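A quick write-up on the structure given underneath.
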Amino acid sequence: MRNSIIAAAASLALGARADIYPNYEYGNMFYLGPTTGGQYITKATYNMEVPNPPTNWVKTDETQRWLSLWIGVQDNPNNGDVLNMNFVQPLLNWGPDNSVWGCSAPNTQWCAAASTYQPSGQIGQAYVPVNKEATLEFEISLNSSTDMIDQKIWQNGDLISSESDSKGMRPAVFYSGNECYGDGCGTLPAYKYTNITLVFDKAVTNLADIISYTNATHTEWQTKDNGITWTVDSITIAEDNLTE
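Reading the sequence shown from the start, the letters are residues 31 to 274 in this note's numbering.
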């Protein structure tokens, strides 16, 4: 299932696709969507329990190697070529040398930034150091006033990054990625997304049928308003070997 997902998905942190660019490796993940009745996500909120950085990464060409963890949203990928669609994806990024992308954090920490893949290239805000063992809060929402997608990241209650773009997007997919560029990103510990809430414009009654998991476990998805709002306590992404 993972291969078919990746072949259909945009790629994302620097705008390539795994089947086209062999330097990209994708690991464990979940994939939700596309919706089957034209529904779209108006708001997604979730927390992330930030894992320790990977271990045992390949030590050669360290400035050419990085690892991104993300959840992103996109228009229905069945409606066209995903490489020609925006993909809104707040990023958690790490590399052996974080200064390569302008982040002051040492390689014992991660960096975060609001970011969006566009067909013309990646756009986004400057990377911000993330505290060790932090829990980050994320929000991706359709702004009814601007018709843009707003994305925000908080750390310890402080807004650390935000971006508004992708005018006209109606997100029909919501999925995660462990994305290694340059191969040899090492072993990434297991980590969790928690308190996930998705709000749709219209009821989605078949949510279980449009979610798949690759080496990920989850608690039960629940709705209390007949499919408009769905919540899940946690999705755990298993330890990932991104060197093999």
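Even for Gly, the Cβ is constructed at its ideal location relative to N, Cα and C. Keep in mind the model is a prediction, meaning the values are calculated, not measured.
Report the residue ranges of all beta strand (DSSP E) runs contained in full by the segment 95 to 127; include only those spanning at least 3 residues, in chain order. Listed in chain order, the complete beta strand (DSSP E) runs (minimum 3 residues) inside the segment 95 to 127 are 96 to 104 and 121 to 124.
So for residue 134, helix, strand or coil by DSSP? In the sequence shown, counting from the first residue as 1, residue 134 sits at position 104. In this structure, residue 134 counts as coil in the three-state DSSP scheme.
Going by DSSP, name the residue or residues bridged to residue 157. Here the question's residue 157 lines up with position 127 in the sequence shown. Per DSSP, none; premise fails for residue 157.
Please work out which residues of its chain come closer than 6 Å, Cβ to Cβ, to residue 124, disregarding the five sequence neighbours upstream and downstream, and give them in chain order. Taking the first residue of the sequence shown as 1, we reach residue 124 at position 94. Same-chain partners within the cutoff: 83, 97 and 140.
Quick check: residue 103 and residue 153, are their CB atoms within less than 8 Å of each other? Counting from 1 along the sequence shown, the entry for residue 103 is found at position 73. Counting from 1 along the sequence shown, the entry for residue 153 is found at position 123. Contact: no.
With which residues is residue 246 paired in a DSSP beta bridge? For the purposes of this step, residue 246 is taken as the residue at position 216 of the sequence shown. 267, per the DSSP bridge assignment.
From residue 213 to residue 89, what distance separates their C-alpha atoms? One-based indexing of the sequence shown puts residue 213 at position 183. One-based indexing of the sequence shown puts residue 89 at position 59. Cα-Cα distance, rounded: 11 Å.
Write down every uninterrupted run of the beta strand (DSSP E) in the segment 184 to 218 whose length is 3 residues or greater and which is fully enclosed by it, in chain order. Complete beta strand (DSSP E) runs here, min 3: 188 to 195 and 203 to 211.
Considering Cα atoms alone, identify which of 257, 262, 144 and 118 is closest to residue 232. Counting from one through the sequence shown, the residue named residue 232 turns up at place 202. The candidate whose alpha carbon is nearest that of residue 232 is 257.
Leaving aside the five residues before and after residue 59 along the sequence, list all residues of the same chain whose C-beta is less than 6 Å from its C-beta, in chain order. The sequence position of residue 59 within the sequence shown is 29, counting from 1. Excluding sequence positions up to five before and after residue 59, its CB lies within less than 6 Å of the CB of 206, 207 and 244, all in the same chain and listed in chain order.
Looking at C-alpha atoms only, which residue of 202, 246 and 158 is the closest neighbour of residue 110? Start at 1 with the first residue of the sequence shown, and residue 110 comes out as number 80. Cα-wise, what sits closest to residue 110 is 202.
With distance defined between alpha-carbon atoms, name the residue in 132, 162, 63 and 113 nearest to residue 93. Against the sequence shown, residue 93 aligns to sequence position 63. The shortest C-alpha separation from residue 93 is found at 132.
Within a Cβ cutoff of 8 Å, which residues of the same chain sit near residue 248, ignoring the five residues on either side of it in sequence? Looking up residue 248 in the sequence shown gives position 218. Only 60, 262, 264, 265 and 266 meet the Cβ criterion.
Would you check if the distance between the CB atom of residue 181 and the CB atom of residue 144 is smaller than 8 Å? Residue mapping note: residue 181 aligns to position 151 of the sequence shown, counting from 1. Residue mapping note: residue 144 aligns to position 114 of the sequence shown, counting from 1. The beta carbons of residue 181 and residue 144 sit closer together than 8 Å.
Identify whether residue 74 lies in helix, strand or coil by the three-state DSSP scheme. Here residue 74 refers to the residue found at position 44 when the sequence shown is read from its first residue. In the structure shown, residue 74 sits in a strand (DSSP, three-state: E or B).
Kindly indicate which three-state DSSP category residue 239 falls into: helix, strand or coil? Looking up residue 239 in the sequence shown gives position 209. Helix at residue 239.
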